[in-house]
Structures are given as C-alpha cells and as structure tokens.
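Chains D and A supply the protein sequences, listed in that same order.
When you read off a place in the first sequence, starting at 1, and then add 7, the result is the number in the numbering used here.
Oh and the second sequence: position 381 is 376 in the numbering used here, straight run, nothing missing.
Shown next, in structure tokens, is the structure this report addresses.
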Amino acid sequence: MKPLDPRLLRYARTTRAYLAVTVALGTLLAALVVAQATLLAHGITVVFLDGAGVTELTPTLLWLAAVVAGRAAVAWAQEVASARAAAGVKSELRRRLLAHLAALGPSTGTGAYATLVTRGLDALDAYFARYLPQLVLAALVPAVVLTRLLPADLVATATIALTLPLIPVFMALVGLHTEAANRRQFRLLSRLSHHFLDVVAGLPTLKVFGRARAQAGTIRRISGEQRRLTMRTLRTAFLSSLVLELLATLSVALVAVGIGLRLVSGNLDLATALLVLILAPEAYLPLRQVGANYHASAEGLAAAEQVFAVLDTPLPARGDQPAETGTIACHDVVVTYPDRAGPALHLSATIAPGEVVALTGPSGCGKSTALAVLLGFVTPDSGSVTVAGWTLSTMDLNAWRRQIAWVPQRPQLFADTVRGNVTLGTDATDEAVHRALTEAGAASFVAALPQGLDTPLSDDGSGLSAGQRQQVALARAFLRDTPIVLLDEPTANLDAGTAAGVMIAIRRLARGRTVVIAAHRPELIALADRVIALDAVPAGVR
Amino acid sequence: MSWLTLLRTASRPAVGGLLVAVLAGIGAAGAGVGLMATAAWLISRAALHPPVLHLMVAIVAVRAFGIGRGVLRYLERLVGHDAALRVLGELRVRLFTELDRLAPAGLTAFRRADLVQRLVSDVEAVLDMCTRVVLPYAVTVVVGAGSVALVGALVPIAGLTLAVGLLVVGAAVPLLQRAATGRADARLAPLRGELATGTVDLLHGLPDLVANGATRHYLDRLTEADRRLRRAEQRSAAAAGTAAAVTALATGLCVGIGLVAGAVAVRNGDLSGELLAVVVLTPLAMFEAAAGLPAAAQRFAGARTSLRRLAEVFTAPSPAPAPEQPAQVPDGPHTLRLEALTARWTADRTALRDVSLTLEPGRRMALVGPSGSGKSTVAALLVRWLDPVAGRVTLDGVDLRRLPGEEVRRIVGYLPEDAYLFDTTVEENLRIGRRDATLAELRDALAKVRLLDWADALPHGLATLVGEHGVRLSGGQRRRLALARALLADFRVLILDEPTEHLDDATAVALTRDLLAAAAGRTVLLITHRTDGLDDVDQVVALDAGRHVDVLTAVA
C-alpha cells in the first residue's frame, strides 16, 4: 500500500492544500526544535561552566519561552488543519461517491455502501491527523536537524545520516517478509471471528439440539489456536519495530558515547555536545511515530481505496434516442446473475398498448427481473427489448422511465413528509397530491395522521402498515399518471383484508394504461387480459 | 457486575503474562529515560576532562540502555499481546456461556438488529484495553514516578514541576479532549444522523428514485446536508488543537522551569553543576515516553463502553433459571400442559394471558392466530427458553421449572420460524441434530423432507457449503434442511413454527403435508397463521391476542 495514494490528490483536492500547510508547519516545527535544543544547550553550558545566574540567563529564558509558545501554536495549527482537511476530504469523497453510485444505477447492489459513506470514511480522520503529518515530519525534521548539526559536529552528523536511511530499508525488508504472513493471518482472524459470530447467532438452534455446552469448549480451543497462530505472526511482525527502536536508540547511545569521549580529549565543546545529545533523538522521533501510526493509515486508506474502486468504475453508455411509445417486444431476452447457475430470466413476449398482462410462475422464475429489464435497470445478456420497433438500450432511459410508473413489492419510504414521499421532489399542488392519495385509497389514513400531508415518514418505524406503504407507492403512480404501469406483486406481503383494499386501487390504476403485473395471487392474475407464464429456472444449486 | 470486575476476572488466567509485559515495558521506557539522564551526566562530566576510566560505568550504561530499550520493548509487545489474546479467549468463552444461559428469551430486553454482531466486536475491545490502555498507563505511571523521584532528589522544585506536567499530559489533556469531543459530537450528531438517513434512503431507495426520475432531487438534498456537516466539522476543528497545544506547553514549561530552578540550585551550591543537564534533559525524555497517553485515554473510553455493554449481559436475569433440586425426568409417553398461564418476554408487554392448553401424546395440533397473538411464546415456554410469570407448564404433571432446560429439550424439539443454518456443509448442519448419525440416517432424513434428490445433484453432495445463514439455498430448501435436522434429533414432541412462511401457496401446502408425514409417530404442534392446508392435523386451536383459546376442530 502506498503511503499517499495519488488518487487521493486527484479525487479530493482539499488534500493538496492540506499537504502544503503541513509541509509549512513541519518546517516551522523542525526549526523550533533546533532552536529549543540550541537554547537549552547554551543555557546549561553557561550555568555549569561559566557560573551564570538567573539574571544572565534571562535572554535565553525569554527566547525559550517564545520557542515553547511557538511549538504550542504549531501543534494547535497542525491539529486544526488536519481536522479541517479531514472534514473537507470526507465531504468531497462522499459527494463524489454518492453521485457516482446514483449514476451507476440500481443494479450494482448499492445498499452495501451505506456503511462506507457514513462510518467507513471516518477512518480517514486518523490518517489525516496522525499519519500524514508524521510522514511529512519524518522527511523534514531529520533534514533540518542534520543541517544544523553538520557545521557543529561532523562525526555525529555522519553517524545519524548513515543510520537514518537504514531504518526504512530494514523496515521494508521485514515488511516484505511479513506481508504475506500478515495477509494469511488476517484471513485466519476474520474466519475465526466469523465462526464465533456464526455460533452466537445460531445459539438458539444449538440450544434446541443440546449442543451449546459443547460449543463453549470448541470456542476455547479455537481461541487458543488463534492465539498461537497470531503470536507466530506477531513474532516476525514486531521485528520491524524492534529494528526501528534498536537502530534509533542504539545510534543515540553511540553518538552520546562518542561525543563524551571527544569531550574528554578536548576536541569538542560542551554546548555543541549537549546540542548533539538533544537533537539526535529528535531526528529519529518522527520515523518512530510513523511506524506507530501505521495502522491508522492502513484503515483510512483502505476506506479510501473502496471509494476509488467505485469512482473508477466506468458509467454505462447512455442512449440518446428519444423515448418512443407503442408495442413493447421482448425478443429472446436472457438475463443471468453471476452468483446463480442458469439464467435468471428467459422471456419472449409482445405487449400491445393498453393491454394488461400478468407474468406468472413459481418464485425465482424471473418475474421481478423481467420488470427490471423493462425499466432499464438490468441489461439483458442476450436478446433485446424494443418499443415500437426501437431498441430500448439505445433510448434515453430517463425519458423512457418518465412514461412508466413502478410499484415494487416493498416500496422505499423516504425520510420526508407524506407529501414529499408522494411527489418525490416534483412540483405538484396539494390538490393533485390529495387526488392521488384518494385514488390510491390512502386519503382516509393520511387525513387521520397528526399533521396530515406534513407528517414525517421514514423507511423504518414510520408507523405505516405494509398496506399503507403500498398505498403511498400507488399514490406515487397515480400522481405520475403515466401510460405504462409495472406492478411487482404489490399484494405479496399483505394479509387478505388489506390486499382487498389495495386491489381496488390497482384496478383503478390499470384502467386505460399498459400494465405489466408480476403476480402469483389469483385476484391479481384475474385482472389481466392475458397471462405470460415464465418457466421455472432450471435446477442448479438453487 | 461492573466492567472492571469483568475485566479482572477474565484476565485472571493471564495475570502472569500481563505482569511480565508491564515489567518489560517499564524496563523499555526506563531505558529511554535512563539513556538520556546518564548521557547528560556523562557529557557534563566529560567536559571537565576526567580520566576516561572514570566514565566507563556511564559509557557501558548508555550502551546497555541503547540496546535494552529496543529488546525490552519487543518483549513487552510480544508478551503483552499473548496475554491479551488469552484474556480475549477467556472472555469469549465466558460471554458464550452467559449467552447460552440467556438466549433467546433473556436477550429480548436489549435486542436490536445488530446485537450479536455488536457483542462479538465488543469482546475484541478487550485486546485494546490490555495492550493499548492498561499497559502504557501502568508503564508510564511507574517510570514517571521514577523520573520524578530522580529529578526531585536533585532539585525538589523541578521534580514537583515534572510531576505536575506529567499529570497534565496523562490526566488533564485526556479530560480536555473528551470534553471537546463531547461538545463537538453533541453539535455534529444531528447533522451526521441526517446525512446517514439521507444516504441510506438514497442507496436503498435508488430503484424507486431512478424509476421515478427523482435521483437528482434527493442527491441535491444530500449534498446540502453534507455541506452543513462539513461546515460544522470545520468550525469545531479549533477545539481539536487545544489538547496538542497544552501538551506542548506543559513539556516546554517543565524544561524551562527545570533550567531556572537548576540554575538557582547550582548558584546556591545545592546542586553540582555536572548534574544540571540531568535535571533539564530527563523531563525531555520522560515527556516523549508519556506522549502516547492522550491517545491511550481515548481508546480507554471506547473499550470501556464495549466492556460495559458486555457486563450488562453478565448481569441480565435468566429467563429460565436451572432448578436447584432437579426432578426426575418422566419416561413418557409425554403430555405437555399449559395451566392458566401468563408469560411475557419483556416487562412491559404480556404475550400470553391465562392460557390453558393440552398437547397429548401422538396428537398433531395446529395452533393458529394472527401474528403477535403469542403463538411463538407458547413454543418458547414448551422448550423452557422462557418461564411463565403465572400459571405453569407441566410435562407429565411435573412443573417444567423443576427440570433442567437441557432435559426438557431432549424431549421437546422446536423448529423456529427463523431456523438457523450454520455457515458450513450440508452434512455438518445435519449432524447438529445427531452427532453420530450414520450416512444412511442422514440420507434417510433428507429423503423424508424430499431433499435427497436435490442433495445428490449438488456439486459436492453433502459436503456442499450452504453459505452464511444458508444463503445459497432457497427459502423452501432452508426450511426442509432444518426440518431434516430436527427429525434426526428424534424428538418425541416436535414444534414447527410457521414452517411455510414466505413460500407461495402451492409450495406451502406441499411442504406442510411433507412435514406432517415426515414427523409421523411423534407429537406435533404446528404453529401457523394460515388456516388453509390443515387437513392432516387432529385438532386446530386458535389463539387471539395472547388471551383466548378456541378449539376450532375437535378430534374426528
């Protein structure tokens, strides 16, 4: 994994400004570190060797106070800059990701990205606050420190300059060696966590069969195994930090002993020696902290990587043929899904304008898929759909969908008012919304809601029953008033009484429109002029 | 049980390892501070040009510290992680034992969709607690006390300042940080919530939005929410820097005050000049060692929340406590009886009120009623997942509360509505029913539920993996496989809960018939909300709102 993904600079422009600020602050910090060391070395020397008192020390102390204040200010500014940058970058990535997912359309299984957008990206906070600044400091501080030490003491400078590059080299070598082991380890760990999760989730079942007690022993055994295997990996993985600590500390010790000996022989003055002693650990510190914050970086970058993977997915080609109306024909349409053996749909059919057609067949025969094909959500793997002789795939799908109202099995309710949930952002008068609700049979329950049309709804816990939810979706369809209506088992999850109410609205909606109904309830099938029976999917794993 | 007691009891088996890790950590951090202190004295002394021989001890010490720090730190991490993993294993077993005691009825009080997932990740927080909170704090406290003692012995005021400075970094800064985070979170939470809701709406409702041409409208709304959140986050950024600034100030002040106090002491003759560098530079190294404390404190808050949630599980009351003096398990044939029974899952909602019911040996009874009428509660009572609050359940006249739950479940089997399939092979899932079943018995069970042809057609036969929660199987196949497992276990009484839910009518009727045929010779209680396809049962009983029981059809 690269420490700084170039795509982060490309997709989140805030990163560039932040990097510039961080470099400026880092340089300032390095200069202050050097200044503080110089002042301390000077102060100790004059008190110790020249017998200076507090009065003579005052200028040094004032400068020291200024440097300390400066370091505090830089530390503050760095944190503020990283918090602001993280907020900006997350926002930029979120907006791009959501827009791209929306443009990719409903076929990509977008629900899985909700966690990434809301919580996953927060891992970037640590990346921007801890890792990136340390990375910059790891490059800047040693350079500035060595520049200061070079005129003071050549031997110490050379020792540090020679050992510093060894650290990343050795760490990379150890890292290369452990990376494969780490990956294996990670897979193992997630398998073990998964096993625990599986066993806990199935606990009621285990209890029924009297197997729960025995599982406690299994968990103990597996946890022990996990510990032994983890430790085997950690013994090597921690070697990188051993190398780092050993090189950093041992170099400081060697430098300290070296300057001590040269002091004895009179080749060096005390102020310089103290300066070297204070600055030597400072040169290694940022590198050590980069190592310590590696995990913060990994998690944040992994989240960003997921975002980039989506952003790098090319958008499907968009047709620009104006939408047509007329006979809809499916010519040998075949759809397959990658995780399923055999085709999910095989359909040849012609639907004339004004016709009411029912698609029937056992569950899993592709009724919903057929509707998804007509909506342009799913592109057939072979065969084609034509409207009045024009191929659907070359048509402007947005314009085509403007002629369609779709009522799914379980329509989504949005965190919006009843009105917003019916209009979905279109400008419609309250009168039109009321009319649509009345036709959908929803007027009475909406009127009974505490705030009427302004009652807030949400997808879960909105207090609407399954039937009422369906009626809101039907009201959407009535408001759209389109020539084509697609219904996907709209009464599947309703009990008989509720279903009867919804059926009345569906009959009203079907009047004078082209209607395709995915159905297995007899009353829905009875509504159709014609039935198209879909074959069962050939036997496979499913 | 408090989270602390939980942590203490769980870490008992690893206490030796933890102690070694703390000692190694003290050695490592001590070597870092010792290196600076000794080197400071070495250099000061060397400036007076003594014979090199007089410096030999210091030189050897500096080199030893230089090597010791890395090696001891390696040891600390290794031993610390090993101990933490032992604690993790112990905690997992303990948690599982508790969940076994409670599941599923005792967990309803804090059931949320993600309960299981959360508990499992909460357990892993103990790793953080051991290696990243307890270890660094224990080590820093000891080494900090040592440094304060060393500096204080030389210049008391400097020692006091160092003590105060360390307290600021280790205690005040974390508190400051927590207050700032708390304030920011309070301000940001509603905005984050709005964005999260909008995001979930957009991503889950994308088909609805695309079909209705409303994507742009919702995307614009979401962008607006995002912009508000970003602005608020950037406004609260100013507070984020305070902790870092205070840490830098505390470090600088300690070093500065050390220099002043040291200079005065040298002038007064209270301190030898060659020790001044020790007084000034030791705090520098000590603060470097303490720099990780604010981060450790932040982890502490998160890990404590997790452990507290776990502690709640340990204190939750048992829904069906084990009897102190178990009664003899009757031989059968078994009659199960609910007698004037009232039961509830949570304190605020009574699921069954004053219900009586008799399930006689060999009978097939259907229990019908709308959802929420308490049908599944009856099942939970019969397998002693739950004890009644009034009335009693008896097995051949023996109160179920006088029998251990495992003994009851050896006789009464239950196939719940959401029968669970484990993420393993078809065979392993079946063997949960009977560990030592022969292949012929497994095939026989599959044949009874009409899955044998399907199983034989599978790419790897019985060794085929069913996927997480049996995702690679259809709903009907999952039900049938779960039933085959229940048949293998050979329960004399079998409760089937909504076995045909979510299946289409034809499949449902066929499955019900197969189920009853396969369970021939056993007592069966079939729980369902459908009233059709019940021709094969002896008796249909209706339950209404947890209260009334109507016998709809008596025995023919």
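Even glycine gets a Cβ: it sits at the ideal position worked out from N, Cα and C.
Got a sec, what are the start and stop residues for the beta strand (DSSP E) residue i sits in?
{"i": "R339 (chain A)", "result": "L331 to T341"}
{"i": "H353 (chain D)", "result": "P350 to I358"}
{"i": "R344 (chain A)", "result": "R344 to L354"}
{"i": "L493 (chain D)", "result": "I491 to D495"}
{"i": "T310 (chain A)", "result": "From DSSP, T310 (chain A) is part of no beta strand (DSSP E) but of the alpha helix (DSSP H) over L288 to T310."}
{"i": "S389 (chain D)", "result": "S389 to V394"}
Go to residue i, then tell me how far its alpha helix (DSSP H) extends in each direction, as first and last residue.
{"i": "L456 (chain D)", "result": "Taken as a continuous stretch (DSSP letters only), L456 (chain D) belongs to no alpha helix (DSSP H), as it is neither H nor E."}
{"i": "G50 (chain D)", "result": "T21 to D57"}
{"i": "T367 (chain D)", "result": "Not the alpha helix (DSSP H): T367 (chain D) falls in the beta strand (DSSP E), residues V363 to T367."}
{"i": "T498 (chain D)", "result": "Counting along the chain, T498 (chain D) falls outside any alpha helix (DSSP H), and DSSP gives it neither H nor E."}
{"i": "D215 (chain A)", "result": "T210 to R230"}
{"i": "W380 (chain A)", "result": "Taken as a continuous stretch (DSSP letters only), W380 (chain A) belongs to no alpha helix (DSSP H), as it is neither H nor E."}
Report the three-state DSSP secondary structure of residue i (helix, strand or coil).
{"i": "P293 (chain D)", "result": "helix"}
{"i": "L173 (chain D)", "result": "helix"}
{"i": "V168 (chain A)", "result": "helix"}
{"i": "T332 (chain D)", "result": "coil"}
{"i": "S142 (chain A)", "result": "helix"}
{"i": "M281 (chain A)", "result": "helix"}
{"i": "L362 (chain A)", "result": "strand"}
{"i": "D203 (chain A)", "result": "helix"}
{"i": "P463 (chain D)", "result": "strand"}
{"i": "C337 (chain D)", "result": "strand"}
{"i": "M402 (chain D)", "result": "strand"}
{"i": "D485 (chain A)", "result": "coil"}
{"i": "Y344 (chain D)", "result": "coil"}
{"i": "T424 (chain D)", "result": "strand"}
{"i": "A133 (chain A)", "result": "helix"}
{"i": "G11 (chain A)", "result": "helix"}
{"i": "T495 (chain A)", "result": "coil"}
{"i": "L248 (chain A)", "result": "helix"}
Check the Cβ of residue i against every Cβ in chain D and list those closer than 8 angstroms, keeping chain order.
{"i": "T192 (chain A)", "result": "A422 and S465"}
{"i": "Q112 (chain A)", "result": "L204"}
Among the options, which one has its Cα closest to the Cα of residue i?
{"i": "A80 (chain D)", "options": "A:G247, A:L336, A:E283 and A:S351", "result": "A:G247"}
{"i": "A280 (chain D)", "options": "D:L261, D:A359 and D:V297", "result": "D:L261"}
{"i": "G265 (chain D)", "options": "A:L37, A:L476 and A:A19", "result": "A:L37"}
{"i": "A158 (chain A)", "options": "A:L171, A:V137, A:A174 and A:R387", "result": "A:V137"}
{"i": "G474 (chain D)", "options": "D:A443, D:E446, D:V492 and D:A506", "result": "D:A506"}
{"i": "V152 (chain D)", "options": "D:A42, D:V380 and D:H202", "result": "D:A42"}
{"i": "L156 (chain D)", "options": "D:A90, D:V259 and D:V283", "result": "D:V283"}
Could you list which residues in chain A have their beta carbon closer than 7 angstroms to that of residue i, in chain order?
{"i": "F203 (chain D)", "result": "R87 and V115"}
{"i": "M510 (chain D)", "result": "By Cβ distance, chain A contributes nothing, its closest Cβ being about 17 angstroms from M510 (chain D), past 7 angstroms."}
{"i": "W413 (chain D)", "result": "A206"}
{"i": "E86 (chain D)", "result": "A235, G236 and A239"}
{"i": "F216 (chain D)", "result": "I427, G428 and A484"}
{"i": "E530 (chain D)", "result": "Near E530 (chain D) there are no residues of chain A at all, since even the closest Cβ is about 13 angstroms away, more than 7 angstroms."}
Residue i touches chain A at which residues, Cβ-Cβ below 9 angstroms?
{"i": "R514 (chain D)", "result": "The contacting residues do not exist; R514 (chain D) stays about 22 angstroms from chain A at best."}
{"i": "L71 (chain D)", "result": "G247, V250, G251 and L254"}
{"i": "Q419 (chain D)", "result": "D196, H199, G200, L201, P202, D203 and L204"}
{"i": "N274 (chain D)", "result": "Within chain A, no residue comes near N274 (chain D); the closest Cβ sits about 11 angstroms away, beyond 9 angstroms."}
Residue i versus chain A: which residues are under 8 angstroms apart at the beta carbon?
{"i": "I285 (chain D)", "result": "L276 and L279"}
{"i": "S375 (chain D)", "result": "Ordered by position in chain A, no residue passes the 8 angstroms Cβ test against S375 (chain D), which lies about 10 angstroms from the chain."}
By the criterion of Cβ-Cβ separation under 7 angstroms, what are the contact partners of residue i in chain D?
{"i": "T92 (chain A)", "result": "A223"}
Run the CB neighbour count on residue i, radius 10 Å, all protein chains shown included, and call it buried at 16 or more, exposed below.
{"i": "A330 (chain D)", "result": "buried"}
{"i": "L302 (chain A)", "result": "buried"}
{"i": "Y69 (chain A)", "result": "buried"}
{"i": "G504 (chain D)", "result": "exposed"}
{"i": "V195 (chain A)", "result": "buried"}
{"i": "E446 (chain D)", "result": "buried"}
{"i": "E269 (chain A)", "result": "buried"}
Check: When you check each C-beta in the segment 396 to 415 of chain A against every C-beta of chain C, which residues fall closer than 7 angstroms?
Finding: Among the protein chains of the structure shown, namely D and A, there is no chain C.
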